[in-house]
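Visitor:
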Amino acid sequence: MKTLYDVQQLLEKYGILVHVGKRIWDIELMALELDNINRAGIIDPHDYMVAKLILRKEHRVEELKEKERQKDAKKDSK
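Residues in the sequence shown are numbered consecutively from 85, following the numbering used here.
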């Protein structure tokens with residue numbers, strides 16, 4: 085497992101489909117769903133940890149993109 089798509093495929097194995105419409109929201113919801121199936125004890129602990137790390141990284145990337153968009157919007161409005 086290396087990408088966000090891989091995490092989506094993992095969640096699909098448990099019958100969980102996530103598509104909220106905004107990538108960062110999808111990532112946050114996937115993290116919550118992963119926590120839920122981990123608490124239920126139905127996911128391999130290694131898969132859980134790897135998936136959480138991938139989601140954390142992707143969330144940071146999206147936050148940085150959003151900050152960059154905000155900077156660009158400020159520059160354009162001047």
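We put the beta carbon where it would ideally sit given N, CA and C, even for glycine.
What distance in whole Å lies between the Cβ atoms of Ile-111 and Leu-139, which are believed to be in contact at a cut-off of 8 Å?
Guide: At roughly 5 Å, the Cβ-Cβ gap stays under 8 Å, so Leu-139 and Ile-111 are in contact.
Visitor: Near Asp-131, what residues of its chain come up, given a Cβ to Cβ distance below 8 Å and the 5 sequence neighbours on each side ignored?
Guide: Answer for Asp-131: Met-85 and Leu-94, listed in chain order.
Visitor: Does the distance from the C-beta atom of His-143 to that of Ala-124 stay below 9 Å?
Guide: Not in contact: His-143 and Ala-124 (Cβ atoms no closer than 9 Å).
Visitor: Please go through the same chain and pick out, in chain order, the residues whose beta-carbon is closer than 7 Å to the beta-carbon of Ile-121, but skip the five residues on each side of it.
Guide: Closer than 7 Å at the Cβ level, and outside the excluded window around Ile-121, lie Tyr-98 and Ile-127.
Visitor: Quick check: the Cα distance between Gln-154 and Leu-137, rounded to an integer number of angstroms?
Guide: Rounded to the nearest angstrom, the two C-alpha atoms are 26 Å apart.
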